[in-house]
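What follows is a single structure, written as structure tokens, with notes after it.
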Amino acid sequence: MTAASGSSVSAWPHLFTEGAAGSPVLISLHGTGGTEHDGVALARELDPTAGIIAPRGRVSEQGMNRWFRRLAEGVFDVDDVEAQSDEFAVFLRAAVAEYALEGRMLVVVGFSNGANMALATAIRHPDLVGHAMAFSGMYPFGDRDLSGSLDALRVLLLNGRQDPMAPYASVARLAQSLAAAGADVERFEWDGGHGITRDELSSAREWLAGVAATR
Ligand code: MLT
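Per the numbering used here, the sequence shown runs over residues 699 to 913.
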């Protein structure tokens with residue numbers, strides 16, 4: 699596991715591990731108050747052989763790391779969502795070059811606030827990141843609709859139906875909007891709230907193996 703060097707790639711604090719030759723690269727994003735080490739732990743649960751880019755959110759909310767600002771719980775500063783995800787894409791392009799990851803399958807994965815950032819990044823930059831896995835994520839763009847084609851995007855949404863932080867209506871809107879834009883969307887739902895369950899992890903592993911095999 700190495701920390702970054704170089705100019706644009708060091709603009710975002712992160713940990714990197716190369717993984718097995720030809721394995722997917724999991725770009726793994728922690729939830730509010732987490733760190734890059736949480737991202738590494740989640741990625742290792744999903745595929746212990748994968749490459750990992752585990753960054754740390756650069757926004758601080760009362761000392762807690764986040765990926766973008768929010769006005770209240772579940773009410774996002776959508777300008778900041780867009781700006782942060784665009785800057786994150788610049789960092790990712792630099793990381794792909796720095797670590798020679800061209801040709802590897804890039805999968806952005808996150809939990810909670812990290813899931814929302816993962817979704818925003820994949821939706822705005824599907825040419826860069828064609829696969830997204832969102833644990834306890836929701837629609838990240840407030841009242842703004844999606845625009846453009848997402849034909850190249852494959853998404854797995856994993857949600858508890860009673861999650862107060864990722865309300866079911868927002869998740870349904872997310873899934874419908876993605877599908878309407880042409881994305882391939884799979885969902886795993888469970889009766890529960892905000893968190894990551896064993897069943898979700900095993901569905902995520904299956905999905906990952908499936909997309910890697912049919913890529
Ligand atoms: C967010 O702010 O992205 C969601 O409300 C989840 C969280 O609390 O981090």
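Heads up, the beta-carbon is just placed ideally off N, CA and C, and yes, glycines get one too.
Buried or exposed (CB count within 10 angstroms, at least 16 for buried), residue i
i: residue 747; result: exposed
i: residue 752; result: buried
i: residue 762; result: exposed
i: residue 807; result: buried
i: residue 734; result: buried
i: residue 783; result: buried
i: residue 883; result: buried
i: residue 896; result: exposed
i: residue 861; result: buried
i: residue 912; result: exposed
Sequence-distant residues of its chain with Cβ nearer than 6 Å to residue i (five each side left out)
i: residue 707; result: 792, 793, 796
i: residue 710; result: 753, 789
i: residue 899; result: 743
i: residue 881; result: 848, 851, 853
i: residue 764; result: 730, 755, 757, 811
Residue i CB to nearest heavy atom of the ligand MLT below 7 Å
i: residue 811; result: yes
i: residue 912; result: no
i: residue 814; result: yes
i: residue 819; result: no
i: residue 767; result: no
i: residue 729; result: yes
i: residue 831; result: no
i: residue 772; result: yes
i: residue 863; result: yes
Cβ neighbours of residue i in the same chain (closer than 8 Å, five flanking residues each side left out)
i: residue 909; result: 803, 805, 829, 852
i: residue 825; result: 850
Which of helix, strand or coil DSSP assigns to residue i
i: residue 905; result: helix
i: residue 710; result: coil
i: residue 829; result: strand
i: residue 822; result: helix
i: residue 882; result: strand
i: residue 804; result: strand
i: residue 911; result: helix
i: residue 845; result: coil
i: residue 718; result: coil
i: residue 809; result: strand
i: residue 875; result: helix
Cutoff 7 Å; reference residue i; Cβ partners in own chain excluding five residues on either side
i: residue 887; result: 857, 859
i: residue 869; result: 836, 855, 857
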